[in-house]
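In my numbering, the protein residues as written are 308 to 738. Every residue gets a Cβ at the ideal spot worked out from N, C-alpha and C, and that includes glycine.
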Ligand SMILES: Cc1ncc(COP(=O)(O)O)c(C=O)c1O
């Protein structure tokens, strides 16, 4: 890997924001750039780095497309900074049906995807040096946006040995006088874990005790497999301040429309200033993309179009099954089967894992087998033996992908087994 660009001034070179050197977004980083180079040279790659449904042949449901085209004549002006009132009413009503307290249109903020709203809400919340409790692994925008808004991500572990579930006792030990918020991603990207209600209740209790904001990324809330259930946090949080994030990108397969929403729930007095801060920051960027906002009512009130894809015979279900079966059959892989979301996060184990580096592996896999995956360490974990694939391709493609992965790992395992340990009196054993 090449060294990251320097952000320090040197003669004739524009300086950029220094804290960018702490920020990584490898889902679209160096490996993706190398993939583009290879494609420009005529190589054909299977790219599994981005959870981008449209790139794998999925379409947004027709009733959402019609909602936009039917209203296109109304989309020229800016909207209110929080978004179209009718769209916000529809979201508030849908979340009130889920049991969210204070679900009112005035507490809904529409944004250019959840991405913009994550950044905006952290900017509204943080002062320099404030800490945010972020899951490890995380969706790396959460770390990046915390850092770029002058905060510090403090990681709580979601270990593979614990089915990628967090330990509330550990979360509480990480709370300091600087902690402002707890981030939850449920269902989780990259692990696919879904969090049971008792676990969420314990985390809510920690937020209540230490007066922390809950920031709950529920963008995969309806992408669930087998018997998995989804438990929204805001109804459990009640009067505890909570921002719930979701949008059209995943459940409705419309990433490119850039439509997300954030709902601020909890005691009015407690969230008062945060509402004002988010409204002000929303006003500074005028409004979110307007045509996309017209699809929201149709999405939240229309028919369920995702469950069939996640049920046996459905495209996502069958691809997930192909991954689970491939990992079970491989002597080199272990997988905590994803219960939700659009990803699998397998671990490399056994002989192939000796001296394993997830970046080297991802590069080798791309160069030699034409498959692009994301190294696990891109998701802010201290270990380097995982990788992430999206579940969006067809099952047959995924079976082919895992055959290629196994080829690379078998070569590595074989190479390890051939290495005869060299005894040296002068050199100390490696730590
Ligand atoms: C957990 C999570 N949150 C937020 C986002 C950003 O979504 P959006 O397209 O709404 O900006 C993603 C995108 O992959 C995600 O996985």
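Quiz prompt | Backbone CA spacing between residue 738 and residue 345 [nearest angstrom] | solution = Because the pLDDT at residue 738 is just 29, under 50, the model does not fix this residue reliably, and the point stays unresolved.
Quiz item: The beta strand (DSSP E) spanning residue 675 covers which residue range?
Solution: It is not in any beta strand (DSSP E) - residue 675 instead sits in the alpha helix (DSSP H) that spans 665-676.
Exercise. Please indicate yes or no: does the CB of residue 657 lie closer than 8 Å to some heavy atom of ligand 3?
Key: As for ligand 3, it is missing from this structure, which binds only ligand 1.
Exercise. Provide the residue span of the beta strand (DSSP E) that contains residue 554, from first to last.
Key: 549-554
Self-check item: Contact test: residue 592 Cβ vs ligand 1 heavy atom, cutoff 8 Å
Solution: no
Quiz prompt | Endpoints, beta strand (DSSP E) assigned at residue 546 | solution = Run containing residue 546: none; DSSP gives neither H nor E here.
Quiz prompt | Cβ-based neighbour list, residue 567, same chain, cut-off 6 Å, excluding 5 preceding and 5 following | solution = 418, 420, 421, 424 and 554
Quiz item: Is residue 469 near ligand 1, going by C-beta to nearest heavy atom under 8 Å?
Solution: no
Quiz item: Could you give the residue range of the beta strand (DSSP E) that holds residue 697?
Solution: 694-697
Self-check item: Per-residue burial, residue 721 [other beta carbons within 10 Å of its own, 16 or more giving buried]
Solution: exposed
Self-check item: For residue 620 and residue 610, the rounded distance between their alpha carbons
Solution: 19 Å
Practice problem: Mark residue 590 as exposed unless 16 or more other C-beta atoms lie within 10 angstroms of its C-beta, in which case mark it buried. | Solution: exposed
Exercise. Please report the residue range of the alpha helix (DSSP H) in which residue 580 lies.
Key: 575-591
Practice problem: Can you tell me the Cβ-Cβ gap for residue 679 and residue 356, rounded? I've got them flagged as a contact below 8 Å. | Solution: 5 Å
Quiz prompt | Collapsed DSSP secondary structure at residue 433 in the structure displayed | solution = coil
Quiz item: Does any heavy atom of ligand 1 sit closer than 8 Å to the C-beta of residue 363?
Solution: no
Quiz prompt | Closest by C-alpha distance to residue 698, when choosing among 670, 443, 599 and 653 | solution = 653
Quiz item: What's the call for residue 562, buried or exposed, on a 16-neighbour Cβ count within 10 Å?
Solution: buried
Practice problem: May I ask you to check if the CB of residue 614 is nearer than 8 Å to at least one heavy atom of ligand 1? | Solution: no
Quiz item: When DSSP labels each residue in this structure, what does residue 616 get in the three-state scheme?
Solution: helix
Quiz item: Taking the beta strand (DSSP E) that residue 568 falls in, what are its first and last residues?
Solution: 566-572
Practice problem: Take every Cβ of the stretch 590-605, pair it with every Cβ of the stretch 375-390, and state whether three or more of those distances are shorter than 8 Å. | Solution: yes
Quiz item: Using the C-alpha atoms, what's the distance from residue 353 back to residue 717?
Solution: 20 Å
Exercise. With DSSP collapsed to three states, give me the class of residue 318.
Key: coil
Self-check item: Inter-residue spacing [alpha-carbon to alpha-carbon] between residue 515 and residue 414
Solution: 20 Å
Practice problem: In angstroms with no decimal places, state the Cα-to-Cα distance between residue 382 and residue 463. | Solution: 43 Å
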